[in-house]
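Participant:
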């Protein structure tokens, strides 16, 4: 079956622009995660959804970052007034939920803020 | 605090073995191992739950010592396809299933 998909794969933004990153999780997966990965580093947790409920947003670096999953499937990560330090790969992962913890990652969106 | 992986990097010849370690300062509920190739998504390898279990498939196996808060990934008879960066992802329990990823280990397998 289809894996996690993300769009766009690449995004170049001018500093101060708003961007929206989309994630389509594996069908039927209850849990959805967003991670940020800087060059040469491991993924860092941003936020977590169970269905449409955002249960943990402790990793969002500032109030410029906002995520939603209104119908419990597709999720959007929005970054307002982008800054150069926002440049990174944004990874989305999904899992079945419950006792099924395994997270499957999408290909990521590579964001470059100029 | 992020788990520490060792070694940071290792170069192998095809057919050689390697061990990658992951050590956490916090009590762990589970450990997840991923391999990531340059420019690609992390690919899930295996998950270990607390209880000291050891798992494996093909020539890749892993162990989890919850008392020591450590996990090790064993790669035997390495193949070129094993090259990449290996990350351990740790879950410390609680309401969220978020993973805290380790510092990463770069593995290069040469012919």
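Chains as they are written, first to last, in my numbering: chain A, 1 to 114; chain B, 115 to 225.
Positions of the beta carbon are idealized from the N, C-alpha and C atoms, including for glycine.
1. Any idea what DSSP makes of residue 24 of chain A, helix, strand or coil?
2. Out of A:106, A:113, A:112, A:111, which has the shortest C-alpha to C-alpha gap to residue 2 of chain A?
3. What are the boundary residues of the beta strand (DSSP E) that residue 148 of chain B is part of?
4. Could you name the residues that DSSP lists as bridge partners for residue 184 of chain B?
5. When DSSP labels each residue in this structure, what does residue 60 of chain A get in the three-state scheme?
6. Do residue 175 of chain B and residue 129 of chain B have their CB atoms nearer than 9 Å?
7. When we look at the beta-carbon of residue 75 of chain A and count the other beta-carbons within 10 Å, is it buried (16 or more) or exposed?
8. Would you kindly report the start and end of the unbroken beta strand (DSSP E) that includes residue 11 of chain A?
9. Please check if any C-beta of chain B sits within less than 9 Å of the C-beta of residue 24 of chain A.
10. Check the C-beta distance from residue 108 of chain A over to residue 31 of chain A and give it rounded, since I have them as a contact under 8 Å.
11. If you follow the beta strand (DSSP E) that residue 194 of chain B is part of, which residue opens it and which one closes it?
Facilitator: Reading it off the structure:
1. strand
2. A:106
3. 144 to 150
4. B:137, B:179
5. coil
6. no
7. buried
8. 10 to 13
9. no
10. Between residue 31 of chain A and residue 108 of chain A the Cβ distance is about 18 Å, and since that is not below 8 Å, they are no contact.
11. First-last for residue 194 of chain B: undefined, no H or E at that position.
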